[in-house]
Every structure is written in structure tokens, then in C-alpha cells.
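Student: Below is the structure I would like to discuss, written out as C-alpha cells.
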Amino acid sequence: MKIQENQNIGELVAQDYHTASVFKKYKIDFCCNGNRTVADACEKGKIDSSKILSDLEGAMESNVSSIDFKSWPLDLLADYIEKKHHRYVEEKTLEIKPYLDKICKVHGEHHPELFKINEEFLECAGAFAAHMKKEELIIFPFIRKMVSSK
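What follows is the structure in C-alpha cells.
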């Protein structure tokens with residue numbers, strides 16, 4: 002997708018969350034200042050717009066996976082899930098939490114529902130962590146043992 006300088010930062014992140022990491026890299030606030038255009042943010046931060054546009058396009062293209070997971074042996078798939086997916090979920094959970102805290106602090110007075118969202122997020126994050134730990138300690142070792150006994 003071709004990204005233009007006049008596009009809204011917040012809309013880009015809403016369209017594809019992968020762009021958030023690019024804005025974070027350039028220290029551009031896409032949360033409370035997401036109503037600015039890419040051009041405005043680049044001008045304010047003295048950032049080369051062609052570089053950030055290229056990085057944004059790269060981030061949006063990188064989310065397309067051409068991996069055929071169905072063809073993988075189960076033990077390789079278990080390794081991949083544990084090393085790639087579980088680590089990704091852990092990292093992103095830690096990345097999202099400060100944004101939720103900031104949103105609650107800045108907008109919570111006028112939007113008390115944000116505190117419930119934060120609470121739900123923490124509950125879900127805990128459930129994900131417990132689920133992933135169960136996979137790592139019970140399910141994946143069982144799969145590896147099953148595959149090796151063939």
C-alpha cells in the first residue's frame with residue numbers, strides 16, 4: 002500500500018497496528034496526537050518523511066505471511082509457536098500496557114469505561130500467559146514426545 006504524507010497517523014495505526022512500531026521508533030505519539038498527518042509529525046520532529054514513509058510501507062507489507070504452516074511437522078510447529086508467537090504476545094502485552102495506563106490517566110476522567118477496558122486487558126493478558134505456560138509445560142512436550150516416538 003502506498004502511504005501518503007497527508008494521511009492521519011491515528012488512522013494508519015488503526016488500519017494496521019504494525020505501523021505503531023514505526024511511529025514508536027521515531028518517537029511520534031500516535032496515541033494522544035494521532036490526529037496529525039505524517040507530514041506534520043515529520044516536520045515537528047525534523048524527520049525525513051521519505052524514510053518514515055518507506056518504513057511504514059515496509060511494516061504494512063511485513064504482516065503478509067506466505068508460510069504454509071499446515072505442511073510443517075507438529076514438533077516444528079510447536080517450536081515455532083513457542084519461540085515466535087508466545088514471545089510476540091509477551092512483548093506486545095508489555096508494550097500495550099503503558100499505552101492503556103496513559104489513556105486512562107489522560108482521558109479516564111471523562112471516559113470512565115477506559116478503566117474497565119484496562120481491567121479486562123489485564124485479565125485477558127493473565128489468561129493468555131497461563132494458557133501459553135500450559136502449552137509450554139504440558140502440551141508441547143507431549144507433542145514432541147509423540148513425534149519422536151514414531
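Residue numbers for the sequence shown follow this note's numbering, so the first one is 2 and each next one is one higher.
Positions of the beta carbon are idealized from the N, C-alpha and C atoms, including for glycine.
So Glu58 and Ile4 are supposed to be a Cβ contact under 8 Å. How far apart are they, rounded?
Tutor: Translated into positions along the sequence shown, residue 58 becomes position 57. Translated into positions along the sequence shown, residue 4 becomes position 3. Confirmed, Cβ separation roughly 6 Å.
Student: Count the other CB atoms, across all protein chains shown, that sit within 10 Å of the CB of Ile68; report buried if there are 16 or more and exposed otherwise.
Tutor: Position 67 of the sequence shown, counting from 1, holds the residue named residue 68. Label assigned to Ile68: exposed.
Student: Using beta-carbon positions only, say whether Glu137 and Glu83 come within less than 9 Å of one another.
Tutor: Reading the sequence shown from its first residue, position 136 is the one you call residue 137. Reading the sequence shown from its first residue, position 82 is the one you call residue 83. Yes. Within cutoff.
Student: Given Met133, which residues of its chain have a CB within under 6 Å of its CB, disregarding the five upstream and five downstream residues?
Tutor: If you number the sequence shown from 1, residue 133 lands on position 132. Correct list, in chain order: His87.
Student: Going by DSSP, which residues form a beta bridge with Asn9?
Tutor: Position 8 of the sequence shown, counted from the start, is the residue given in the question as residue 9. Checking the DSSP bridge columns, you'll see Asn9 partnered with Thr38.
Student: Is it true that the CB of Ala130 sits closer than 9 Å to the CB of Thr94?
Tutor: Counted from its first residue, the sequence shown places residue 94 at position 93. Counted from its first residue, the sequence shown places residue 130 at position 129. A contact, by the Cβ cut-off of 9 Å.
Student: Which residue from Lys47, Met2 and Cys33 puts its Cα closest to that of Asp102?
Tutor: Position 101 of the sequence shown, counted from the first residue, corresponds to residue 102. Measuring from the Cα of Asp102, the nearest candidate turns out to be Cys33.
Student: Out of curiosity, what's the CA-to-CA distance linking Met147 and Ala42?
Tutor: Working through the sequence shown from its first residue, we reach residue 147 at position 146. Working through the sequence shown from its first residue, we reach residue 42 at position 41. Approximately 54 Å between the Cα atoms of the pair.
Student: What would DSSP say about Phe176, mapped onto helix, strand or coil?
Tutor: Not covered by the structure: residue 176. The range shown for the chain is 2 to 151.
Student: Would you mind giving the Cβ-Cβ distance between Phe141 and Ala40, rounded to the nearest angstrom? I have them listed as a contact below 8 Å.
Tutor: Within the sequence shown, numbered from 1, the residue matching residue 141 stands at position 140. Within the sequence shown, numbered from 1, the residue matching residue 40 stands at position 39. Your pair Phe141 and Ala40 does not check out as a contact, with CB atoms roughly 47 Å apart and the cut at 8 Å.
Student: Going by DSSP, what residue range makes up the alpha helix (DSSP H) through Leu95?
Tutor: Within the sequence shown, numbered from 1, the residue matching residue 95 stands at position 94. Residues Arg88 to His108.
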